[in-house]
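Here the structure comes first, spelled out in C-alpha cells, and everything after it is commentary.
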Amino acid sequence: MMSMLTGIEVPDSGDGYIFGKSVTWDLETARLHIGLCPQFDALVDKLTAREHLVLLAEIRGVPKHLVSRVVERAIADMALTEKAGAVSQTYSGGNKRKLSVAMSIVANPKVSFLDEPSTGKDAPRWGEETSAGLCGVK
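Residue 0 is where the sequence shown starts when you use numbering that gives the first Met the number 0, and the numbers rise one by one after that.
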C-alpha cells in the first residue's frame, strides 16, 4: 500500500489520494505532500546528518532562508544534536534510523510514511524519542 501511495509502484486498479491529489493521475503534486522513511537507510556514508538534511530540504523546495531553521529543528526533534556533524558511516543503527526519519519530515510534509522506523532499535526508548520528535512537527 505504501509503495502505491508514494508512487514507487503503480496500482493495478483503483486510485489513492493524498490531500485530494490522485497518486495515479497527479503523482507529482501528491508527492509534494509526502515524506517517506523507507525500510532501509538511504544514507550517503560521507555526508553528515546536517548535510543530508540540507540536501533534502533544498530538493523538497524549502525556501533558502528557512533551510537552516528546519534542518536544526529536525536534528533536535530526532535527538541527533551530538552526531549532527559526524559522517553517517560512524552512526549506530539507531542513529541511522533517526536520521532517516528526520529526512522524511525535514520539509514538513502533510503526511509521512514510516516503514519500520524502529528496526534495530531499543523499541521502548526509541519510541519515546521518536514520538516526541514527531509530535513536535507541525
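In this text, a Cβ means the ideal position worked out from N, Cα and C, and glycines have one as well.
- prompt: How big is the Cα-Cα spacing for GLY6 and TRP24?
  reply: Separation of GLY6 and TRP24 (C-alpha to C-alpha, rounded to the nearest whole angstrom) is 11 Å.
task: Out of SER103, SER111, LEU79, point me to the one whose CA is closest to GLY92's CA.
output: Of the candidates SER103, SER111, LEU79, the one whose C-alpha sits nearest the C-alpha of GLY92 is LEU79.
task: Locate the beta strand (DSSP E) running through LEU113, then write down its first and last residues.
output: Start and end: 110-113.
message: Between which residues of its own chain and LYS137 is the CB-CB distance below 7 Å, once the five residues before and five after are set aside?
response: Legend: pLDDT at LYS137 = 46, less than 50; position of this residue unreliable, value from coordinates given subsequently. In its chain, beyond the 5 residues on either side, no residue has a beta carbon closer than 7 Å to the beta carbon of LYS137.
- prompt: Roughly how many whole angstroms lie between the Cα atoms of VAL22 and ASP11?
  reply: Just so you know, the alpha carbons of VAL22 and ASP11 end up roughly 13 Å apart.
Spatial distance of GLU27 from GLU115 (CA atoms): Taking the straight line joining both Cα atoms gives about 25 Å.
task: Could you work out which residue in SER87, LYS109, VAL110 is closest to ASP40 when comparing CA atoms only?
output: Looking at the Cα atoms, SER87 is the closest of the given residues.
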